[in-house]
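**Student:**
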Amino acid sequence: MKNIFDNDDIKEFRKLLDSSERIVLTCHMRPDGDAVGSTLGLYHLLKSFGKEVNVVIPDRVPRSLTFLPGVKDIAVFTQYDPYCSRLVDEAQLIIMCDFNTAKRQGDLAPVIQNAECAKVLIDHHREPDIPCDVTFSFPEASSTCELVFRLIAACGFYNDLDLNGAMAILTGLITDTQNFTVNCSDPEIYEIMMRLLEKGADKKTIVDEAIKSTSYDALMLNSFALLERTRIFPKSRCALVVLSKEDLKKFNYQKGDTEGLVNMPLNIRGIVYSVFMREDADCIKVSTRSKFDFPVCDVCKDLFNGGGHLMASGGEFYGSLQECVDLFVEHMAYYDRFLPEKLDKLEYKS
Numbered sequence: 195m196k197n198i199f200d201n202d203d204i205k206e207f208r209k210l211l212d213s214s215e216r217i218v219l220t221c222h223m224r225p226d227g228d229a230v231g232s233t234l235g236l237y238h239l240l241k242s243f244g245k246e247v248n249v250v251i252p253d254r255v256p257r258s259l260t261f262l263p264g265v266k267d268i269a270v271f272t273q274y275d276p277y278c279s280r281l282v283d284e285a286q287l288i289i290m291c292d293f294n295t296a297k298r299q300g301d302l303a304p305v306i307q308n309a310e311c312a313k314v315l316i317d318h319h320r321e322p323d324i325p326c327d328v329t330f331s332f333p334e335a336s337s338t339c340e341l342v343f344r345l346i347a348a349c350g351f352y353n354d355l356d357l358n359g360a361m362a363i364l365t366g367l368i369t370d371t372q373n374f375t376v377n378c379s380d381p382e383i384y385e386i387m388m389r390l391l392e393k394g395a396d397k398k399t400i401v402d403e404a405i406k407s408t409s410y411d412a413l414m415l416n417s418f419a420l421l422e423r424t425r426i427f428p429k430s431r432c433a434l435v436v437l438s439k440e441d442l443k444k445f446n447y448q449k450g451d452t453e454g455l456v457n458m459p460l461n462i463r464g465i466v467y468s469v470f471m472r473e474d475a476d477c478i479k480v481s482t483r484s485k486f487d488f489p490v491c492d493v494c495k496d497l498f499n500g501g502g503h504l505m506a507s508g509g510e511f512y513g514s515l516q517e518c519v520d521l522f523v524e525h526m527a528y529y530d531r532f533l534p535e536k537l538d539k540l541e542y543k544s
């Protein structure tokens with residue numbers, strides 16, 4: 195497996211690790227498998243070196259990821275603000291995983307950014323704008339967990355990676371590639387999976403817990419969303435799924451219940467991209483996915499204060515749910531220019 199990192203960055207990273215005894219790992223709001231997997235993967239590795247390591251995140255881990263070893267050790271800022279702030283203040287090194295801009299950490303952002311210690315960024319989103327001592331940014335990577343594994347290998351730490359760390363890293367690889375169905379054209383990704391399996395990581399458990407398993411309420415909510423809250427726009431080859439606060443309350447929504455919902459309309463033959471809007475307490479959360487290199491990242495950047503990957507992006511809208519829908523529908527035709535010239539017949543009846 196080739197080393198994709200600059201050798202000087204590797205040397206500086208190792209120097210920071212050697213000189214730091216108290217290390218904080220952190221990630222973005224609404225943490226997904228890649229965010230949790232990358233932080234916990236490094237957590238288990240650095241703990242084996244005898245470091246004092248803490249994972250401090252903006253808000254709670256979704257229940258689909260609570261099977262991961264080390265989740266109970268995570269400090270959640272929305273629940274333990276003073277404790278989390280103290281951990282950050284006392285840190286000699288902060289490693290930030292899976293986000294490219296400070297605002298993706300919400301209220302935790304100023305605490306992390308104002309810390310006076312050294313900082314390292316490991317991320318696969320485009321255009322990082324966080325000042326750091328060392329930045330490992332590769333948008334071409336399938337996931338931040340892929341980068342974490344490559345970094346571990348480049349530093350010569352592979353033999354120190356244990357089963358718990360391997361489980362965490364493989365979880366991020368699996369969830370961000372939708373179980374190796376998207377963003378996985380690089381053959382070396384499968385070599386990384388093989389190396390993690392050699393450590394004892396259980397792929398079946400990860401798929402069952404992080405992807406397949408769900409609650410009755412979550413299953414009913416997702417079924418309702420597809421049946422009653424999905425609109426198809428044939429000309430634009432777009433599916434729009436919208437859930438209000440009332441919808442979420444009706445089905446006893448819990449964090450993570452709609453994970454993966456945005457991908458489901460892409461199974462409709464002829465649909466090119468899917469947009470999911472969920473009314474949260476403080477904003478409208480927008481998630482987008484696409485096929486055929488359709489740039490949903492532009493949709494999120496232009497309309498929803500966001501961005502991300504070419505075919506998997508997200509953003510936020512501050513206003514009413516109806517205003518968010520109207521904004522998207524009003525500008526939808528602009529993005530028709532990016533549709534492929536040849537498409538399958540849309541299998542849809544209005």
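In short: position in the sequence shown from 1, add 194, done, that's our numbering. Think of the CB as a built atom: it goes at the ideal place given N, C-alpha and C, for glycine as much as any other residue. Please read these numbers as outputs of a predicted model, since none were measured by experiment.
Within the continuous beta strand (DSSP E) that includes H503, where are the two ends?
**Tutor:** As a position in the sequence shown, residue 503 is number 309, starting the count at 1. 501-503 is the span of the beta strand (DSSP E), which, as asked, contains H503.
**Student:** Around the C-beta of M195, are 16 or more other C-beta atoms found within 10 angstroms, so that it is buried, or is it exposed?
**Tutor:** Within the sequence shown, the letter at position 1 stands for residue 195. It is exposed - the Cβ of M195 has fewer than 16 other Cβ atoms within 10 Å.
**Student:** From what residue to what residue does the beta strand (DSSP E) around E246 run?
**Tutor:** Along the sequence shown, read from residue 1 onward, the residue named residue 246 stands at position 52. Here the beta strand (DSSP E) through E246 covers 246-251.
**Student:** Could you tell me whether the Cβ atoms of N499 and G509 are closer together than 7 Å?
**Tutor:** The sequence position of residue 499 within the sequence shown is 305, counting from 1. The sequence position of residue 509 within the sequence shown is 315, counting from 1. Contact: yes.
**Student:** For F427, tell me which candidate among Q299, G464, P381 has the shortest Cα-Cα distance.
**Tutor:** Residue mapping note: residue 427 aligns to position 233 of the sequence shown, counting from 1. Per the Cα distances, G464.
**Student:** How long is the line joining the alpha carbons of F271 and D474, rounded to whole angstroms?
**Tutor:** Reading the sequence shown from its first residue, position 77 is the one you call residue 271. Reading the sequence shown from its first residue, position 280 is the one you call residue 474. About 18 Å.
**Student:** Given this structure, state the Cα-to-Cα distance separating G227 from K439, to the nearest angstrom.
**Tutor:** Position 33 of the sequence shown, counted from the start, is the residue given in the question as residue 227. Position 245 of the sequence shown, counted from the start, is the residue given in the question as residue 439. C-alpha separation (whole angstroms): 25 Å.
**Student:** Please report the straight-line C-alpha distance between D317 and V490, rounded to a whole angstrom.
**Tutor:** In the sequence shown, residue 317 corresponds to position 123, counting from 1. In the sequence shown, residue 490 corresponds to position 296, counting from 1. Going from the Cα of D317 to the Cα of V490 covers about 19 Å.
**Student:** Specify, as a first and last residue, the run of the alpha helix (DSSP H) that V401 falls within.
**Tutor:** Position 207 of the sequence shown holds residue 401. No alpha helix (DSSP H) contains V401, which DSSP labels as neither H nor E.
**Student:** With DSSP as the reference, identify every bridge partner of S484, one or two as the case may be.
**Tutor:** Position 290 of the sequence shown, counted from the first residue, corresponds to residue 484. S484 pairs with Y467.
**Student:** Please identify the residue among V466, R483, T260 whose C-alpha is closest to the C-alpha of D530.
**Tutor:** Along the sequence shown, one-based indexing puts residue 530 at 336. Considering only alpha carbons, the answer is V466.
**Student:** Measure how close the beta-carbons of L236 and L219 come, nearest whole angstrom, since I'm counting them as under 8 Å.
**Tutor:** One-based indexing of the sequence shown puts residue 236 at position 42. One-based indexing of the sequence shown puts residue 219 at position 25. Contact flag correct, Cβ pair sits at about 6 Å.
**Student:** Are the stretch 317-328 and the stretch 289-300 touching by the rule of at least three beta carbon pairs closer than 8 Å?
**Tutor:** Taking 8 Å as the limit for Cβ pairs, the verdict is that the stretch 289-300 does touch the stretch 317-328.
**Student:** Taking contact to mean 3 or more Cβ pairs, one atom from each stretch, closer than 8 Å, check whether the stretch 412-425 and the stretch 366-384 are in contact.
**Tutor:** Short answer: they don't touch.
**Student:** G366 and G454 - do their beta-carbons sit closer together than 7 Å?
**Tutor:** What you label residue 454 is simply residue 260 of the sequence shown in a count that begins at 1. What you label residue 366 is simply residue 172 of the sequence shown in a count that begins at 1. For G454 and G366, no; Cβs fall outside 7 Å.
**Student:** Report buried or exposed for K479, applying the criterion of at least 16 other Cβ atoms within 10 angstroms of its Cβ.
**Tutor:** The residue you call residue 479 lines up with position 285 of the sequence shown. Under this definition K479 is a buried residue.
**Student:** Rank I288, R431, T329, C518 by C-alpha distance to the C-alpha of K536 and give the top, closest one.
**Tutor:** Counting from 1 along the sequence shown, the entry for residue 536 is found at position 342. Here the closest residue by C-alpha is R431.
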